[in-house]
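Just so you know, the protein sequences line up as chains X and S, in that order. Quick note on the working numbering: the first sequence kicks off at 1 and runs consecutively. Quick note on the working numbering: the second sequence kicks off at 151 and runs consecutively. No residue lacks a Cβ here, since even glycine has one placed at the ideal position from N, Cα and C. Here's the structure we're looking at; comments come further down.
2 protein chains.
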Amino acid sequence: MARSASLPEPWASVGDQLRARGQRWTRQRDAVVGVLSRTQGHITGAELLARCRQVDASVVPSTVYRTLAALEELGLVRHGHGASGREEFHVGADTEHGHLHCDSCGRQWEIGKEKADAIAALFQADGFQVDRSHVTIVGRCRDCLRARKD
Amino acid sequence: MARSASLPEPWASVGDQLRARGQRWTRQRDAVVGVLSRTQGHITGAELLARCRQVDASVVPSTVYRTLAALEELGLVRHGHGASGREEFHVGADTEHGHLHCDSCGRQWEIGKEKADAIAALFQADGFQVDRSHVTIVGRCRDCLRARKD
DNA sequence: ATTAATGCAAACGGTTTGCACTACT
DNA sequence: AGTAGTGCAAACCGTTTGCATTAAT
């Protein structure tokens, strides 16, 4: 299959990277990568599947999950856990981030490096090495606190 | 059904608390509460189910989950999320705690109040109110770091 | 031609539901 | 007697698997 269409790096070269490992570049993987390239931060497997289907109705769950596994081996995504308990994939150049999740409105924000480091530092004394990409902090965002003071 | 057998508070009075709300005290709920009273920290629904079955083989999933919902309304348990992504129930007088989870050996430790507060403080400036009982930090514990330096 | 990847369908695990039945109050 | 709670079975959701088929190399 042809090289993936003019996507920003690191996505443009995914096909080549896969081939270099004896793996293959397919129409379905192109669809998955296309969606991921337009995703900032994080996405669940189910969400990714749904969005891929809009692009290419033939994409099935197994393909999405197998492709995610392949991309994870390339270091292009990392899996972590969202507040809902669902598995989540961190996407983008900076996959090393956690999430701030509002319990009320469901919106999410990434946790910046400084704060992730601050959290990691808290547990360093215990000899515990924090995986920054797995940090999920749940609570109420400013807007929701203002909206309903219950 | 009879009052629950000499359990430490707050479990001993669960039956009365339920009845006061027009709800009922049953053999199955006694089994669930019995297990919870012997649980420190946290437990998943599935785990709780398994342990209840050892006590009373007739306990079925729906009963466990419905009972957990009832107990949550009484404030005796709170649900949060474990590192595996599974729903987890925080048990005990101090339900306000997060978890430190070792990715490698699977062991968990509670996060103390001071550290939970420190984490909450990090996001206070953003106007974000952290739910301390939902905090789960994943990484590698001291022992596993020592064991395999990969 | 080789063999990685796909599509399907079935199975998984944990959880939730509808409903007739049981048993607490 | 009234009705909350139960047990069952089926459905749910997201994810994973086996296997025959397709298609990238």
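In chain X, which residues lie with their C-beta within 8 Å of the C-beta of residue i?
i	result
Lys265 (chain S)	Leu122, Phe123
Leu295 (chain S)	Gly127, Gln129
Ile269 (chain S)	Ile119, Leu122, Ile137
If you follow the beta strand (DSSP E) that residue i is in, where does it begin and where does it stop?
i	result
Leu250 (chain S)	248-252
Glu260 (chain S)	258-261
Val138 (chain X)	136-140
Starting from the beta carbon of residue i, find every residue of chain S whose beta carbon is closer than 7 Å, and list them in chain order.
i	result
Arg78 (chain X)	Those do not exist, as Arg78 (chain X) stays about 12 Å from chain S at its closest Cβ, beyond 7 Å.
Leu100 (chain X)	Phe273, Phe278
At a CB-CB cut-off below 8 Å, which residues of chain S make contact with residue i?
i	result
Arg142 (chain X)	Asp276, Gly277, Phe278
Quick one: does the C-beta of residue i sit closer than 6 Å to a heavy atom of the ligand ADP?
i	result
His42 (chain X)	Absent from the structure shown: the ligand ADP. Ligands present: none.
Self-check item: Entirely enclosed beta strand (DSSP E) segments - the region 11-88 of chain X, minimum 3 residues
Solution: 41-44, 77-81
Quiz item: Is there contact here, the region 118-137 of chain X with the region 269-280 of chain S, by at least three beta-carbon pairs under 8 Å?
Solution: yes
Quiz prompt | Contact set between the region 124-136 of chain X and chain S, restricted to residues whose Cβ is under 8 Å from the partner | solution = Asp126, Gly127, Phe128, Gln129, Val130, Asp131, His134, Val135, Thr136
Quiz item: Can at least three beta-carbon pairs, one atom from the region 191-209 of chain S and one from the region 157-175 of chain S, be found at a separation below 8 Å?
Solution: Not touching, per the Cβ criterion.
Quiz item: At a cut of 8 Å, does the region 127-137 of chain X reach the region 275-295 of chain S through at least three beta carbon pairs?
Solution: yes
Quiz item: Any contact of the region 212-228 of chain S with the region 255-264 of chain S, i.e. 3+ C-beta pairs under 8 Å?
Solution: no
Practice problem: Flag this pair as touching only if the region 11-20 of chain X and the region 43-56 of chain X have three or more C-beta atom pairs under 8 Å; answer yes or no. | Solution: No, they do not touch.
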